[in-house]
Every structure is written in C-alpha cells, then in structure tokens.
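Student:
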Amino acid sequence: MDAATLRKRPLSVKTAAGREGRTAPEAELGEPVSPSARLVEDFYIIVLMGASTPLNLPALRAGIEAQLARYPHFRSIQVTDKDGNLRWAPTTVNVDNHLIRPTLDPAAVAANPDKAVEDYVASLSTLPMDRSQPLWEFHLFDFPTSEATSTAAIRVHHSLGDGMSLLTLLMACTRSAADPTRLPAMPPLPSRTGAIYQRPRPSAGVLAIVAWVWSFVVLAWHTVVDVVGFFATILFLKDPHTLFKRVNHAETQRKRIVHRRLSLDDVKFVKNAMKCTVNDVLIGVTYAALSRYHFRKSGETDTGKEIRVRSMLLVNLRPTTSLHACVDMIKSGKESHVKWGNELGFIILPFFIGMHSDPLDYVRKGKKVVDRKKSSLEVVFTHVAAEVIFKVFGLKVTFWSSVSQC
Numbered sequence: 000m001d002a003a004t005l006r007k008r009p010l011s012v013k014t015a016a017g018r019e020g021r022t023a024p025e026a027e028l029g030e031p032v033s034p035s036a037r038l039v040e041d042f043y044i045i046v047l048m049g050a051s052t053p054l055n056l057p058a059l060r061a062g063i064e065a066q067l068a069r070y071p072h073f074r075s076i077q078v079t080d081k082d083g084n085l086r087w088a089p090t091t092v093n094v095d096n097h098l099i100r101p102t103l104d105p106a107a108v109a110a111n112p113d114k115a116v117e118d119y120v121a122s123l124s125t126l127p128m129d130r131s132q133p134l135w136e137f138h139l140f141d142f143p144t145s146e147a148t149s150t151a152a153i154r155v156h157h158s159l160g161d162g163m164s165l166l167t168l169l170m171a172c173t174r175s176a177a178d179p180t181r182l183p184a185m186p187p188l189p190s191r192t193g194a195i196y197q198r199p200r201p202s203a204g205v206l207a208i209v210a211w212v213w214s215f216v217v218l219a220w221h222t223v224v225d226v227v228g229f230f231a232t233i234l235f236l237k238d239p240h241t242l243f244k245r246v247n248h249a250e251t252q253r254k255r256i257v258h259r260r261l262s263l264d265d266v267k268f269v270k271n272a273m274k275c276t277v278n279d280v281l282i283g284v285t286y287a288a289l290s291r292y293h294f295r296k297s298g299e300t301d302t303g304k305e306i307r308v309r310s311m312l313l314v315n316l317r318p319t320t321s322l323h324a325c326v327d328m329i330k331s332g333k334e335s336h337v338k339w340g341n342e343l344g345f346i347i348l349p350f351f352i353g354m355h356s357d358p359l360d361y362v363r364k365g366k367k368v369v370d371r372k373k374s375s376l377e378v379v380f381t382h383v384a385a386e387v388i389f390k391v392f393g394l395k396v397t398f399w400s401s402v403s404q405c
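Using numbering that gives the first Met the number 0, read the sequence shown as starting at 0 and increasing by one per residue.
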C-alpha cells in the first residue's frame with residue numbers, strides 16, 4: 000500500500016460506543032482482563048521517539064505489521080462476557096488504522112516545530128482511544144525538530160502491558176545495526192546485592208550468619224512500618240497543602256506535559272561518583288526540580304525549611320532477569336509463552352521539597368529514601384492488597400483507596 004494512502008487524522012480522536020454494552024460469544028473470548036490492568040484503566044503510556052532520517056512509511060508499516068500486531072494484547076480488544084466481566088477478544092488488526100498523521104497548523108510548525116510536537120503530544124493524555132480496535136497508536140511527524148529529523152509518538156493503553164513487558168516488545172522489534180537479521184545484544188544480567196541475597200558460608204563465622212539473619216528482621220520490621228503507613232494513608236494521614244496537591248478530588252485540573260533532555264553520560268557520571276544507581280540520581284533530579292518549581296511558583300522565601308510530600312510510585316514486580324528471558328523466548332519463536340500484561344505494585348515514596356546549596360544533597364537524600372524502600376516488601380503487599388480489594392469491592396473503591404490521600 001502506498002504511504003500516501005495512510006490515514007491522516009486531526010487532533011481529535013473518534014470515540015467508540017461504551018464497551019460496557021458490547022458482548023461476545025464465550026468461544027471468541029480470550030483471557031480475562033487482570034485486576035492490575037483494570038486499575039490502570041485511565042492511564043496511557045506515551046513514548047516519543049526520534050529518528051535521524053525522514054520517515055519511511057512503507058517500511059514502518061511493514062515492520063509494525065510483522066512485529067507488534069503478532070502479540071496477543073496488540074491484536075485484541077476488551078469486551079464484556081455473559082457474566083459482565085471484561086475479557087480480551089482477538090480481532091483482525093488493520094495497521095493503517097493505527098498509523099496517524101496529524102494535521103497540524105503549518106504556521107505553528109514553521110515557527111516552532113518543537114512546541115508543535117509538544118502541544119500535540121500533551122493533548123494525547125486527555126483524548127480517548129477508539130475502543131473498537133486494539134488500543135495502540137503511532138502518531139507520525141515527518142518534519143525536523145531540534146532533536147530529530149522525524150518523530151513518532153507512540154500511545155499505548157496501560158492495560159496492554161507495563162513498562163517491562165513493553166520494553167521487552169520494543170527490544171524484540173529492534174535489530175542489530177551490524178547484522179539486521181539478529182536481535183541486538185543484551186546487556187549483562189544484573190546481580191542482586193542486598194544483604195539477604197548474600198548468604199554467608201559456614202566458614203564465614205557466627206557474626207556473618209547473625210548479620211544475615213538480622214537483615215531478615217530488618218526487612219520484616221520495615222515491611223510492617225510501611226504497611227501501617229499504607230493503611231494510615233488510606234484512612235486519615237494527609238500531606239500538607241502544596242502546589243502539587245489537588246484542592247478537591249471532584250475537580251479535574253488540566254496538567255501540562257513537558258519534557259527535557261537529560262544526558263545519560265552525565266547521569267552515569269554522577270552515579271559512579273556517588274556510588275549509587277541511575278534511579279537514585281533520577282529521584283534526586285526530581286527532588287531538585289520539584290523544589291525549584293515549588294519555591295518559584297509559590298513565592299515562599301523561607302527556602303531553609305523542608306516540606307515532606309508523598310507520591311504513589313508504580314514498581315515492576317517481574318524479576319530483573321525477565322527481560323533477557325522473554326527476549327530469548329521471542330528469539331526462539333516462543334512469544335506465546337511470554338507473560339505479557341501488568342505485574343505492578345506501588346510504594347508510597349516521600350519527596351522532600353527544599354533548597355540545598357549543594358546539588359548533590361538531592362541525590363544523597365534520594366539514595367537514602369530508595370535504599371530504605373528496597374529493604375521492605377511494601378510493593379508485594381500493595382499488589383496483593385489492591386487485587387483483593389478489587390475483587391471484593393470493585394474498581395472504583397480500589398482506585399480511590401490507592402490515591403485518596405497521596
């Protein structure tokens with residue numbers, strides 16, 4: 000099919016009829032939509048990718064048709080069975096319906112192409128998707144920006160999968176630059192370095208064994224503290240009012256999505272200098288950004304005080320080796336054995352709003368908080384608790400419980 004025949008579509012997205020009214024014969028239905036997928040019902044994953052060459056639409060279409068559309072949730076829609084439960088139902092995928100070339104204002108593109116793309120991508124988080132077809136889209140921009148010659152914004156409904164499963168799919172869709180017939184080389188398997196994983200040998204002595212046992216005691220204590228904090232947050236514990244907290248849960252305040260580039264080399268440099276992880280550095284950067292934003296927008300002059308607020312952070316529950324294992328299964332033609340979907344828990348992560356003269360203090364604070372959260376099974380508990388509450392009370396109660404006080 001010629002690239003010119005690919006559908007062009009304006010900013011608005013057509014909304015299909017409510018899916019609650021659609022039913023299908025039991026024989027046509029696949030697996031049930033998991034409780035974790037239902038909990039992210041109102042969430043989209045939006046990824047912006049740039050290329051150094053103009054878009055090759057026929058090649059892109061052929062690649063998507065050969066790769067993405069083969070995987071279960073990317074060729075299924077959600078329908079209601081006879082018992083009123085949502086299930087995945089296989090459907091025929093027309094790739095052309097998922098390739099969208101938005102009609103943007105030529106004057107706006109010529110004046111500031113970066114802002115034109117950013118404005119469009121920001122709007123994607125507020126627009127519904129067409130539920131009569133699989134819930135994924137490629138929005139294509141075939142004009143240069145300051146960062147790329149061409150750009151693709153990929154929007155995927157979160158129920159299709161979490162970040163790890165989508166990263167697995169992305170890796171399986173790429174090819175080695177040296178040998179286009181092969182998948183790219185995978186990084187070495189990460190190692191677990193926590194105290195509970197360092198089981199001492201009998202020859203290590205009594206103190207080493209006691210320290211190892213003590214690490215389990217600490218893990219249990221931290222888990223109890225976090226679980227109590229979790230229930231307290233649901234029932235009564237509140238954060239101080241800041242710019243980041245909604246005044247009324249019934250009100251919807253529009254938020255602006257913007258992005259800034261970070262040099263991964265700079266992040267790694269700080270990581271190595273501080274002997275921490277990339278996540279520690281990124282949380283430190285987030286601390287710093289929120290602090291600067293708060294004091295700039297609020298006009299407060301007492302920059303010496305520190306405000307503690309909390310956020311709900313989704314955490315992947317898959318083992319760190321799952322990416323390698325899944326890519327190996329896909330490489331050997333066993334993609335049907337890969338466990339797609341969402342395997343998520345969440346933690347209540349404190350953020351400290353304050354101004355520091357030393358920027359590295361933000362990273363030190365972030366590392367301290369993350370290390371403390373790693374020594375807890377809070378994420379496993381919240382995953383199980385959310386699924387139990389969902390099955391007993393339903394979706395609305397579960398979602399409200401998760402975010403009511405955060």
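For every residue, glycine included, the Cβ atom is placed at its ideal position computed from N, Cα and C.
Ends of the beta strand (DSSP E) at S356?
Tutor: Segment: none, S356 is in no beta strand (DSSP E) and carries neither H nor E.
Student: Quick check on P31: does DSSP put it in helix, strand or coil?
Tutor: Strand, per DSSP.
Student: For G49, which residues in the same chain have their Cβ closer than 6 Å to its Cβ, ignoring the five residues on either side in sequence?
Tutor: Closer than 6 Å at the Cβ level, and outside the excluded window around G49, lie E146, A147 and T150.
Student: Taking its Cβ as the centre, do 16 or more other Cβ atoms sit within 10 Å of G20, making it buried, or is it exposed?
Tutor: At G20 the pLDDT is 40, less than 50, meaning the model places this residue with poor confidence; the figure from the coordinates comes in the next sentence. Counting of Cβ neighbours within 10 angstroms places G20 among the exposed residues, the total staying below 16.
Student: Does any C-beta atom of chain B lie closer than 8 Å to the C-beta of E377?
Tutor: Any reference to chain B falls outside this structure, which holds one protein chain only.
Student: Is it buried or exposed for A36, if we count other Cβ within 10 angstroms and need 16 for buried?
Tutor: buried
Student: Which residues bound the beta strand (DSSP E) around M128?
Tutor: Where M128 is concerned, there is no enclosing beta strand (DSSP E), given that its DSSP letter is neither H nor E.
Student: Please state if the CB of W135 and the CB of L159 are separated by a distance shorter than 8 Å.
Tutor: With contacts defined as CB atoms closer than 8 Å, L159 and W135 qualify as a contacting pair.
Student: DSSP on V92, reduced to helix/strand/coil?
Tutor: coil
Student: By DSSP's criteria, G228 is part of a beta bridge. Which residues make up the other side?
Tutor: Bridge partners of G228: none, in fact.
Student: Any idea which residues DSSP pairs Y43 with across the strands?
Tutor: H156
Student: Can you give me the start and stop residues for the alpha helix (DSSP H) that S290 sits inside?
Tutor: V277 to S297
Student: Taking the alpha carbon of F229 as the point to measure from, which residue in V378, V32, V155 and Y43 has its own alpha carbon closest?
Tutor: V378
Student: Indicate whether S175 and G340 have their beta-carbon atoms separated by less than 8 Å.
Tutor: no
Student: Could you have a look at F142 and say whether DSSP puts it in helix, strand or coil?
Tutor: coil
Student: Kindly indicate which residue of L103, A109 and S131 has the alpha-carbon position closest to the one of D118.
Tutor: Of the listed residues, the one whose Cα sits closest to D118 is L103.
Student: Apply the 10 Å Cβ neighbour rule to L85 and answer buried if 16 or more other Cβ atoms are within range, or exposed otherwise.
Tutor: L85 is buried by the Cβ-count criterion.
Student: Below 8 Å on the Cβ atoms is my contact criterion, and I expect R60 with V94 to pass it. Report the Cβ-Cβ distance as a whole number of Å.
Tutor: 6 Å
Student: Counting only the same chain and skipping the five closest in sequence on each side, list residues whose C-beta sits under 8 Å from that of G62.
Tutor: C172
Student: Are the segment 293 to 304 and the segment 358 to 375 in contact at 8 Å, needing three or more beta carbon pairs?
Tutor: no
Student: List the endpoints of the continuous beta strand (DSSP E) containing P101.
Tutor: L98 to P101
Student: Keeping to the same chain, check which residues put their C-beta closer than 7 Å to that of V362; ignore five residues upstream and five downstream.
Tutor: Setting aside the 5 residues that flank it on each side, V362 is surrounded in the same chain by V269, M273, C275, D279, V280 and G283, each with a C-beta closer than 7 Å to its C-beta; the list follows chain order.
Student: Is DSSP giving L218 helix, strand or coil here?
Tutor: helix
Student: Let me make sure I understand the geometry here. Which of D113, F137 and W87 has the alpha-carbon closest to that of L54?
Tutor: F137
Student: F345 and V391 - do their beta-carbons sit closer together than 8 Å?
Tutor: No. Outside cutoff.
Student: Apart from the five residues just before and just after D113, which ones in its own chain have a Cβ nearer than 8 Å to its Cβ?
Tutor: T144, S145 and E146.
Student: Going by the beta-carbon positions, is the gap between H157 and M128 smaller than 8 Å?
Tutor: no
Student: T241 to I306, Cα distance in whole Å?
Tutor: 9 Å
Student: Would you mind stating whether V108 and A152 have Cβ atoms separated by less than 8 Å?
Tutor: no
Student: Taking the beta carbon of D225 as the centre, do at least 16 other beta carbons fall within 10 Å, making it buried, or is it exposed?
Tutor: buried
Student: Between D238 and R309, is the Cβ-Cβ spacing less than 8 Å?
Tutor: yes
Student: Going by the beta-carbon positions, is the gap between G428 and K304 smaller than 8 Å?
Tutor: Given that the chain is displayed from residue 0 to residue 405, the structure contains no residue 428 and the question cannot be resolved.
Student: So what does DSSP say about S148, is it helix, strand or coil?
Tutor: Position check: residue 148 holds Thr in this sequence, whereas Ser was assumed. Coil.
Student: Quick one: is R371 buried, meaning 16 or more other Cβ sit within 10 Å of its Cβ, or exposed?
Tutor: exposed
Student: Hey, how far is the Cα of A106 from the Cα of A115?
Tutor: 10 Å
Student: Measure the beta-carbon distance from E342 to R317 and round it to whole angstroms, keeping in mind my assumption that it falls under 8 Å.
Tutor: 5 Å
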